[in-house]
Amino acid sequence: MGSQADFPPIRACIFDMDGLLLDTEDLYTKCVNIILERFGRPNLPWAIKARLQGRPGPQANKIFSEWAQLPITPEEYMAENAALQRKVFPSAAPLPGVEKLLADLDKTSKDASRRVHVALATSSHAANFKLKTDHLTDFFSVFPQERRVLGDDTRVEPGRGKPLPDIFLLALKTINDTLPEGEAPIKPEECLVFEDSVPGVEAGRRAGMRVIWCPHPGLKKEYTGREDEVLAGRTFEAGAVDLHQVGEIGDGWAEYRETLEDFPYERYGIVVPS
396 MGSQADFPPI
406 RACIFDMDGL
416 LLDTEDLYTK
426 CVNIILERFG
436 RPNLPWAIKA
446 RLQGRPGPQA
456 NKIFSEWAQL
466 PITPEEYMAE
476 NAALQRKVFP
486 SAAPLPGVEK
496 LLADLDKTSK
506 DASRRVHVAL
516 ATSSHAANFK
526 LKTDHLTDFF
536 SVFPQERRVL
546 GDDTRVEPGR
556 GKPLPDIFLL
566 ALKTINDTLP
576 EGEAPIKPEE
586 CLVFEDSVPG
596 VEAGRRAGMR
606 VIWCPHPGLK
616 KEYTGREDEV
626 LAGRTFEAGA
636 VDLHQVGEIG
646 DGWAEYRETL
656 EDFPYERYGI
666 VVPS
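Numbering of the sequence shown is given in the numbering used here, commencing with residue 396 and proceeding in unit increments.
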């Protein structure tokens, strides 16, 4: 395994949102299970939910409908699900450790030589993003508007969402396009991606970035014994394409963390002013 000394200091952190910054995964499941129960179907298992996480809406809906076999059209299901989400998403709350982590990274902006930039890269579309974040504007203010890449961003080609790397590469571009004058462009290997989903980890690895995998306990259990494959981006959620972009087992580019509390900044060359 590569030692941390082999890596350059992190100059940018790119964050997923659902299940990583916000405790929304159980809210998503709650809405789906209400519909499944109405039609006498079993609750959504993590084996299926794991495949939905992090993916763009159309892909996730296709996977779900093939499994659920509901006696309603996909359009009817989506309308009913959206109505339920409108009720529960405004209760979304930050996950443990996230507020301190973002505040600490924000403090680094005061030192030009050690500044760590942040960006958001979420598969949530603009309408859902608004539902989940309107009550958390202060919390999300650390992400400049021009450094937020959402699931319906027209700069991401249709069909090129996670687990493909495009959304993270675009997030890095939004940072580099808005760097202070005189600051050198940030390279992918100087970026740290924060993800909870397996497709998201693969997308980060394919982008040539380092990754923190902080999954829901239910998802972690689903991948028991396969953690090293996940960290290497070798679950092949994107299929056998561009295999030169995935990592190697134990290469040190990714790390599992149970929570984002007590984040080890020094391991990534990040210096938070006292």
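Just so you know, even glycine gets a beta-carbon here, dropped at the ideal spot from N, CA and C.
Residue i vs residue j beta-carbon contact at 8 Å
| i | j | result |
| --- | --- | --- |
| Glu656 | Pro491 | yes |
| Arg450 | Gly556 | yes |
| Glu584 | Pro403 | yes |
| Ile405 | Tyr663 | yes |
| Val544 | Ala566 | yes |
| Pro558 | His530 | no |
| Val511 | Thr517 | no |
| Cys426 | Val513 | no |
| Ala445 | Leu614 | yes |
| Val606 | Val593 | no |
| Leu422 | Ala487 | yes |
| Leu439 | Asn428 | yes |
| Gly554 | Gly452 | no |
| Glu494 | His611 | no |
Residue i versus residue j: straight-line alpha-carbon distance, rounded
| i | j | result |
| --- | --- | --- |
| Leu497 | Ile467 | 42 Å |
| Lys568 | Gln448 | 24 Å |
| Lys457 | Thr532 | 32 Å |
| Lys582 | Asp561 | 15 Å |
| Asp548 | Gln640 | 23 Å |
| Phe410 | Ile430 | 30 Å |
| Ser398 | Ala627 | In this prediction, Ser398 scores a pLDDT of 49, lower than 50, which makes its location untrustworthy; the coordinate-derived value is nonetheless stated afterwards. Approximately 15 Å between the Cα atoms of the pair. |
| Phe534 | Gln454 | 29 Å |
| Cys609 | Arg433 | 32 Å |
| Thr424 | Phe459 | 12 Å |
| Ile644 | Tyr618 | 15 Å |
| Lys505 | Ser536 | 16 Å |
| Val667 | Trp648 | 22 Å |
| Ala407 | Glu471 | 41 Å |
| Ser489 | Leu515 | Reading off the sequence, residue 489 comes out as Pro, not Ser. Straight-line Cα distance between these residues: approximately 15 Å. |
| Met604 | Glu590 | 12 Å |
| Met396 | Pro659 | In this prediction, Met396 scores a pLDDT of 39, lower than 50, which makes its location untrustworthy; the coordinate-derived value is nonetheless stated afterwards. If I take the Cα positions, the gap works out to 18 Å. |
| Ile509 | Ile665 | Residue identity check: residue 509 is Arg in the sequence provided, not Ile. Rounded to the nearest angstrom, the two C-alpha atoms are 7 Å apart. |
| Ile443 | Asp499 | 35 Å |
| Asp501 | Val625 | 29 Å |
| Ala477 | Pro469 | 12 Å |
| Lys525 | Glu475 | 19 Å |
| Gln464 | Gln480 | 21 Å |
| Asp623 | Trp462 | 27 Å |
| Phe538 | Glu576 | 19 Å |
| Thr528 | Arg542 | 16 Å |
| Arg629 | Asp637 | 12 Å |
| Glu661 | Gly634 | 35 Å |
| Asp401 | Met473 | 47 Å |
| Pro580 | Gln540 | 20 Å |
| Val588 | Met412 | 11 Å |
| Ala507 | Trp441 | 43 Å |
| Leu574 | Glu653 | 32 Å |
Residue i - partner residues in DSSP beta bridges
| i | result |
| --- | --- |
| Phe410 | Leu515, Phe589 |
| Leu417 | Asp413, Pro489 |
| Tyr651 | Trp608 |
| Val544 | Ala516 |
Quick check for students: name the residue ranges of the alpha helix (DSSP H) that lie wholly in the segment 466 to 515, counting only runs of 4 or more. 469 to 483, 493 to 502
Complete runs of the alpha helix (DSSP H) confined to the segment 569 to 616 [at least 4 residues]: 593 to 601
Counting Cβ pairs closer than 8 Å, one from the segment 600 to 618 and one from the segment 517 to 526, do we hit at least three? no
What runs of the alpha helix (DSSP H), each 4 residues or longer, lie entirely inside the segment 419 to 461? 420 to 433, 441 to 447
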